[in-house]
Amino acid sequence: MNSFLNFQLIGQPDRDPHTATLIPDPAKDTLIVYRGELPFLQRILAAAGYDNPAEQLHLLSWPDPEQSLDLADLTRHLLVSKVILFGQNLPALGLHFQLTDYFPAEIAGKRFLKAPALTEIKSAKEAGNNVPAGSLWKAIQNGFLREP
1 MNSFLNFQLI GQPDRDPHTA TLIPDPAKDT LIVYRGELPF LQRILAAAGY DNPAEQLHLL
61 SWPDPEQSLD LADLTRHLLV SKVILFGQNL PALGLHFQLT DYFPAEIAGK RFLKAPALTE
121 IKSAKEAGNN VPAGSLWKAI QNGFLREP
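This is how it looks when you write it as structure tokens:
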């Protein structure tokens, strides 16, 4: 008779290579998921008080908004309480709720802000339409400014 327990261990799936470099950091309370236009994003973040975004925030370039990502698991892993999504598909991120662009919402103890892709906001601004950029700025002022 075998005195050892015989059971199968089921491992957790590996993290996506895009997220593997993100590690928990108590100083980084916000995760930003974006695609493209990093210099434009950095200008927005500088206005919000983030003079060194890579050191003050978790930045995740997620180029394909249809590619799946377990955002709930990632936010738990990173210990963040705020998430800004630029041009992302919520169901592909595993989020099964609706968000309106530029209207922050608190869900399950986390503050979310959804906005169009940075390319759309930048193109509108360059064409003289400041409404998207202004709406984004007002939304960021509602709980996403850097706290001293």
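Each residue of the sequence shown is one higher than the one before, starting from 1 at the first, in the numbering used here.
Using N, Cα and C, we set each Cβ at its ideal position, and we do this for glycine too.
Legend entry - Contact between the region 107-115 and the region 70-89 (3+ Cβ pairs under 8 Å): yes
Inset, instruction - Out of Ala47, Asp25 and Arg76, point me to the one whose CA is closest to Gly109's CA. - result: Here the question's residue 109 lines up with position 109 in the sequence shown. Closest option to Gly109, Cα to Cα, is Arg76.
Inset, instruction - For Pro26, collect the residues of the same chain with a Cβ closer than 8 Å to its Cβ; drop the 5 residues on either side in sequence, then sort them by chain order. - result: Within the sequence shown, residue 26 is the residue found at index 26, counting from 1. Only Leu79 meet the Cβ criterion.
Inset, instruction - Work out the CA separation of Lys125 and Thr100 for me, nearest whole Å. - result: Residue mapping note: residue 100 aligns to position 100 of the sequence shown, counting from 1. Residue mapping note: residue 125 aligns to position 125 of the sequence shown, counting from 1. If you take the alpha carbons of Thr100 and Lys125, they lie about 20 Å apart.
Inset, instruction - Tell me Lys82's beta-bridge partners as DSSP assigns them. - result: To locate residue 82, count along the sequence shown from 1; it is residue 82. According to DSSP, Lys82 bridges with Thr30 and Arg111.
Legend entry - Between the CA atoms of Leu74 and Ala127 - distance to the nearest angstrom: The count along the sequence shown starts at 1 and reaches residue 127 at position 127. The count along the sequence shown starts at 1 and reaches residue 74 at position 74. The straight-line gap from Cα to Cα measures roughly 36 Å.
Inset, instruction - Hey, could you find the ends of the alpha helix (DSSP H) Ser135 is sitting in? - result: As a first step, residue 135 is located in the sequence shown; it is residue number 135 there, counting from the start. From DSSP, the alpha helix (DSSP H) with Ser135 extends over Val131 to Gln141.
Inset, instruction - Compute the beta-carbon to beta-carbon distance between Leu145 and Gly49, rounded to the nearest angstrom, for a pair I have assumed lies under 8 Å. - result: Along the sequence shown, read from residue 1 onward, the residue named residue 145 stands at position 145. Along the sequence shown, read from residue 1 onward, the residue named residue 49 stands at position 49. The pair is a contact, with the Cβ atoms about 6 Å apart (cut-off 8 Å).
Inset, instruction - Would you kindly check if the distance between the Cβ of Leu60 and the Cβ of Val33 is under 8 Å? - result: Here residue 33 is taken as the residue at index 33 of the sequence shown, counted from 1. Here residue 60 is taken as the residue at index 60 of the sequence shown, counted from 1. It is a contact, given that the beta carbons lie within the stated cut-off.
Inset, instruction - Could you have a look at Leu160 and say whether DSSP puts it in helix, strand or coil? - result: Because the chain in this structure spans residues 1 to 148, residue 160 falls outside the shown range and cannot be described.
Inset, instruction - Drop a sphere of 10 angstroms on the beta-carbon of Gln88, count the other beta-carbons inside from all chains shown, and report buried for 16 or more, exposed for fewer. - result: Within the sequence shown, residue 88 is the residue found at index 88, counting from 1. Buried, because 16 or more other Cβ atoms sit within 10 Å of the Cβ of Gln88.
Legend entry - Beta-carbon gap between Ala72 and Gly36 smaller than 8 Å: For this step, residue 72 is matched to residue 72 along the sequence shown. For this step, residue 36 is matched to residue 36 along the sequence shown. No, the pair does not count as a contact, with Cβ atoms beyond the cut-off.
Inset, instruction - Look up Ala105 in the DSSP assignment and give the residues it is bridged to. - result: For this step, residue 105 is matched to residue 105 along the sequence shown. DSSP, once it has assigned bridges, lists Phe112 as partnering Ala105.
Inset, instruction - Could you tell me how far apart the beta carbons of Tyr102 and Ala133 are, in whole angstroms, since I believe they sit closer than 8 Å? - result: Within the sequence shown, residue 102 is the residue found at index 102, counting from 1. Within the sequence shown, residue 133 is the residue found at index 133, counting from 1. About 10 Å; that fails the 8 Å criterion.
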